[in-house]
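Here the structure is laid out as structure tokens; the discussion comes afterwards.
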Amino acid sequence: AEALLCRLGARATGKKQVSAKDGIEEIYRLIQDLGHDPDNYKIADGCGLSNYDYLSPALLVDFLKFA
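To convert, count from 1 in the sequence shown and add 2; that's the working numbering.
As structure tokens, this is what we get:
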């Protein structure tokens with residue numbers, strides 16, 4: 003999951019060397035594109051197992067509709 007997060011960051015930025023932070027920033031952009039306020043959510047890692055992750059059920063439904 004962390005590798006996918008970095009891959010997402012690489013695709014979004016075009017850089018060859020990226021970190022999870024780049025992927026997280028892209029997820030926040032997607033959250034905004036889906037019509038949600040990114041300030042209401044917290045992404046701490048790519049796998050979703052962190053106690054510091056916060057997503058709403060409505061956002062998860064919108065992610066699934068987008069996919």
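C-beta: ideal position from N, C-alpha, C; glycine also.
Gly25: member of the alpha helix (DSSP H) spanning Ala22 to Asp35, first to last residue.
Annotation for Cys8: the continuous alpha helix (DSSP H) segment containing it runs Glu4 to Thr15. DSSP places Lys67 in the helix class (H, G or I) of the three-state scheme.
Under DSSP, Lys44 takes part in a beta bridge, and its partners are Tyr56.
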